[in-house]
Structure formats: C-alpha cells, structure tokens
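Here the sequence shown is numbered in my numbering, starting from 17 and rising by one per residue.
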Amino acid sequence: MNYIGSKYKLIEFIKSTIYSVVGNDIQSKVFCDLFAGTGIVARSFKKEVKHIISNDIEYYSYVLNKNYIGNHLHLPGKEDFINYLNNIELKEGFIFNNYCLGGGCNRQYFSDFNGKKIDAIRLKINEFIKNKEINKNMYYFLLSSLLESADKVANTASVYGAYLKKLKKTAQKNIILESAEYIVNENEHIVYNEDSNELIKKIEGDILYLDPPYNTRQYGANYHILNTIAKYDDFEPIGKTGLRKYYKSKYCSKNTIEETFNDLIKNANFKYIFLSYNNEGLMPVNKIRTIMSKYGNYDYYEKSYLRFRADKEENRNHKANYTKEFIHILEKK
Ligand SMILES: C[S@@+](CC[C@H](N)C(=O)[O-])C[C@H]1O[C@@H](n2cnc3c(N)ncnc32)[C@H](O)[C@@H]1O
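Put into structure tokens, the structure is as follows:
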C-alpha cells in the first residue's frame, strides 16, 4: 500500500541500525511497533524476535496488523474463501451508495462495478463471521485482503483526502481480491488499536520502534475510506469527500507534539528506543535530542532518501527530491 510515511523503502536502514545497536542476538527480545501503519517494520522482525507488540490508533491499520502480525499459523481453506468472494454477485451497499457515481452521491472513489463488488465482499465477510463459518483469524485475513485490493483500484491521486474527477486507469480495472499473505511462525504476537501514550503505560519490552506522523496530515482524514470499509458501520458521510468523524492525533500538531512525545519517552518501559523522523517534521532535530537525552544515552543515524519517484508524472514539479531520514536512538537508564 502506498502509505504516507511508509518505511517500506527504508527497512534495510532501520534494521541495520537496530541490529548495530542491540546486537545480533534478538531471538529472545520483545519488539514493539507503536505506530505500525502498514505494519511493514514489525513484519520484517516477525521471524527474528520472540514476541511482537503492534499498535496503531487507526482501525484499518489494526485490521492489517491483526492479519500481518497477529496471524501466525496456517489458515486452512483460505484460498477457497478468496475464490468464492472473487466470484460473488455484485451488491449495492454503503460504498456504492456513498462513494460511487452510480450511487447518486456525486463522489467517485471507485468505479460503480468496484463499489458494488467491495460491498458484496464486505457484507459476505460479515455474514461468514456472524454465522460462525469463519474464525477471527480468517476474518482479519479476508478483511485485510479486501482493504489491500480495494486500495489498488481507488480513484485517488494517492490518499483519500480527495477523489479524481475522471476514473484513472487503475481505477477502471475490475477489483480482484488478492490474498494478504502473512508470515507463518511459531511465536504469538499481540496487536492493539489504542492511543500510543495510553498503551505505553501498560506494556514493556526490549526494543521500542517509534514512527509517529511527522506533519499535520491526519491519517484518519487521509484514509477515511479504508476505515469505512473496515468498520462498515452506518453514518452520514460529510461534505464533498464523504468524510467520517476521525481521530485527531496530537503528533500532527505543533502545539501538542513536544509535550506528547516527552510523555511517551518518559513512560516507556523499554531498554532501547528507536525513533524514525525526517528533517522536515514538526519537531526539529535538536528538540528531539533534548527530549530523548533526558532519559538516557542518546545517539542518531541519518540517511538521505529519495522522497518521490521522479519518473512519475505527478512528481515532475517537485524539485527537491531528497529528504533526510533520521533514526534517533535512546538507551534508557
Ligand atoms: C508514519 S505512519 C507509520 C508508518 C509505518 N511505520 C509504515 O511503514 O507503514 C504513522 C502512524 O501513526 C498512527 N498514529 C498517529 N497518532 C497515533 C497515536 N496517538 N497513537 C497510535 N498511533 C497513532 C497513524 O495512524 C499512522 O499509521
């Protein structure tokens, strides 16, 4: 998924930094990904540590992580369910009625076909769980598969803050439900859907990886459609984009971020803390250093990183294509 702040391209940098600080023997360690997003960071440690704690305040992210992190054993028959859902009859439901032109709402986040297919699949997943035809693990696997597959045919430039007037090429394609494959391993992991600063008081471990939002773009607003597909609840969509009520993170505001971050570091019961943040974030580098240094031995690594793909048409106007990505490191006293 093309996600704001995704660390997909930075995984090697993050992993080599963590290993160089903590050492190679992390098999007995508890690793926490407190702002998990797509879950890509914890996924890359899933087989390497004893236990993962994953968390994100957004429900769609919780669903993805319940699958990618929480699911760790084989789910027999999962491909049969995917095949069945791929061949299901279309249905006009909440997504078609509120986010497709044919539904009469004047919004076009999906083609009419895809809106109806998303509705049909989503409703069937609800029916499966209600009738006990699937367990919770299968539920999150199927729902993750739907979120990822719907995202591929969304008619947006990248996020869901707005839709495009005309259906773009990828949005014209008919949705295909693809399996959201997860890593199978013996160890059990736990996934939360809580505010980071509340959860931190209840957990402990060895390695805490922090990747909070670094600017004012609220994830709940930018990915509202994914929350709506994931929750599939009834509400009155607001305004031109059909927004739902969304959570406003204190990490997205200049007024609240420093105090919130300080509070998080202070309450963290982890030996090592790693913070990903770039040089254009709301908190300046020296402020981060000041806060983290209060609680132990501080250091940082940095890397220049290509922000936009320059070969993509929508990125041609961006002159500064490089940004600096930092990993701030704290060994807590
Ligand atoms: C930069 S993204 C994380 C990206 C992730 N590392 C990845 O590679 O996909 C920041 C995440 O923090 C979450 N978030 C924002 N405020 C939060 C809070 N107070 N508690 C927990 N999660 C929060 C957002 O929903 C978003 O998924």
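For every residue, glycine included, the Cβ atom is placed at its ideal position computed from N, Cα and C.
All of these numbers come straight from a predicted model, not from anything done at the bench.
Buried or exposed by the 16-neighbour rule on C-beta atoms within 10 Å, applied to residue i
| i | result |
| --- | --- |
| residue 151 | exposed |
| residue 326 | Below a pLDDT of 50, predicted positions are generally treated as unreliable, and residue 326, at 47, falls in that range; no measurement from the model is reported. |
| residue 24 | exposed |
| residue 187 | buried |
| residue 74 | buried |
| residue 90 | exposed |
| residue 291 | buried |
| residue 104 | exposed |
| residue 251 | exposed |
| residue 54 | buried |
| residue 285 | exposed |
| residue 266 | buried |
| residue 232 | exposed |
| residue 11 | Any property of residue 11 remains undetermined from this structure, which presents the chain solely from 17 to 349. |
| residue 255 | exposed |
| residue 63 | exposed |
Residue i versus residue j: straight-line alpha-carbon distance, rounded
| i | j | result |
| --- | --- | --- |
| residue 78 | residue 244 | 13 Å |
| residue 225 | residue 120 | 44 Å |
| residue 341 | residue 148 | 46 Å |
| residue 66 | residue 85 | 13 Å |
| residue 346 | residue 76 | 30 Å |
| residue 200 | residue 46 | 18 Å |
| residue 71 | residue 82 | 10 Å |
| residue 60 | residue 36 | 16 Å |
| residue 237 | residue 94 | 32 Å |
| residue 239 | residue 260 | 10 Å |
| residue 17 | residue 122 | 26 Å |
| residue 293 | residue 118 | 42 Å |
| residue 157 | residue 97 | 10 Å |
| residue 319 | residue 29 | 8 Å |
| residue 270 | residue 22 | 21 Å |
| residue 295 | residue 205 | 32 Å |
| residue 311 | residue 281 | 8 Å |
| residue 49 | residue 222 | 12 Å |
| residue 181 | residue 92 | 42 Å |
| residue 128 | residue 134 | 10 Å |
| residue 43 | residue 27 | 19 Å |
| residue 162 | residue 212 | 26 Å |
| residue 301 | residue 308 | 11 Å |
| residue 32 | residue 154 | 33 Å |
| residue 273 | residue 297 | 11 Å |
| residue 207 | residue 57 | 14 Å |
| residue 219 | residue 278 | 17 Å |
Extent of the continuous alpha helix (DSSP H) to which residue i belongs
| i | result |
| --- | --- |
| residue 240 | 240-247 |
| residue 76 | 75-81 |
| residue 185 | 185-188 |
| residue 125 | Element bounds for residue 125: n/a, residue is neither H nor E. |
| residue 101 | 94-102 |
| residue 114 | 110-115 |
| residue 60 | 56-61 |
| residue 307 | 301-309 |
| residue 30 | 27-38 |
Residue range of the unbroken beta strand (DSSP E) whose run includes residue i
| i | result |
| --- | --- |
| residue 7 | Here the chain covers residues 17 to 349 and nothing more, so residue 7 does not appear. |
| residue 338 | 338-348 |
| residue 46 | 46-49 |
| residue 22 | From DSSP, residue 22 is part of no beta strand (DSSP E); its letter is neither H nor E. |
Check: residue i C-beta below 6 Å from any heavy atom of ligand 2
| i | result |
| --- | --- |
| residue 86 | What this structure holds is ligand 1, not ligand 2. |
Practice prompt. Starting from the N-terminal side, write out each stretch of the beta strand (DSSP E) that is 3 residues or longer and does not extend beyond the stretch 256-298.
Written response: The stretch 256-298 is shown to contain whole beta strand (DSSP E) runs of 3 or more residues at 286-294, in chain order.
Practice prompt. Could I get the ranges of all uninterrupted alpha helix (DSSP H) runs contained in the stretch 154-224, with 4 residues as the minimum, in chain order?
Written response: Whole alpha helix (DSSP H) segments, 4+ residues: 185-188 and 212-215.
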